[in-house]
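-1 is the number of the first residue of the sequence shown in the numbering used here; add one for each residue after it.
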Amino acid sequence: MPSTNKTPQLGLNSWVDTDKPRREDFVQDNTILDTVISGHLADMVLHLTEADRLKLSDGLVAGSRAGTGTEEASITLDFEPKLVFVFSKEKPLADYSASGSYIVVNSGIATPWGNTQGVAVSGNRVTFKQSKTTPEAGGVMLNLNKLYGQYVYLALR
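This is the structure we're talking about:
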């Protein structure tokens, strides 16, 4: 026989001493529990934190900046990015200077764990570098802060 009392939320059996539980009562309770728990576990929205929701809804931030021509320039984001990618609007990602036999780097990637030459991230600060002198043959010229150069950056939360 089902119980005299039921639990308020799920309606599970809440037996008293005089009740005589039957197997069907346990099966019914198990079915209710299975339905409620499996529905809860499948609810991916419920299991996300506010920080996770922010990353998913606004995880990629894009911006642009003009180079200052100095050897180093920085921007400050309102979050600490996990990855930053920067590139020149006007140039290929990298270029070869045949006259000087060196590579011109017009793009870069930075993470808190490491980066390519020319860009770095520390906390919420992103730093861009510009070579001030022509490199020797076989060298690298950093070109991520050229005076009036136009750059795009993508930052991942």
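Ideal Cβ placement from N, Cα and C applies to all residues, glycine included. Since the model is a prediction, treat every value here as computed from it, not as a measurement.
Quick check on LEU142: does DSSP put it in helix, strand or coil?
coil
Counting C-beta neighbours from all protein chains within 10 Å, is the total for VAL34 16 or more, i.e. buried, or is it exposed?
exposed
I need the DSSP call for ALA96, collapsed to helix, strand or coil.
coil
Is it right to say LEU142 is buried, meaning 16 or more other beta carbons lie within 10 angstroms of its own, or is it exposed?
buried
Going by DSSP in three states, VAL117 sits in which element: helix, strand or coil?
strand
Among ALA118, GLY137, ALA108, which residue has its Cα nearest to the Cα of LEU71?
In the sequence as displayed, the identity of residue 71 is Ala instead of Leu. Closest by alpha carbon: ALA118.
Which residue from LEU39, GLY67, LEU81, LYS130 puts its Cα closest to that of PRO110?
LEU81
Closest by C-alpha distance to ARG155, when choosing among SER55, LYS87, TYR149, THR5:
SER55
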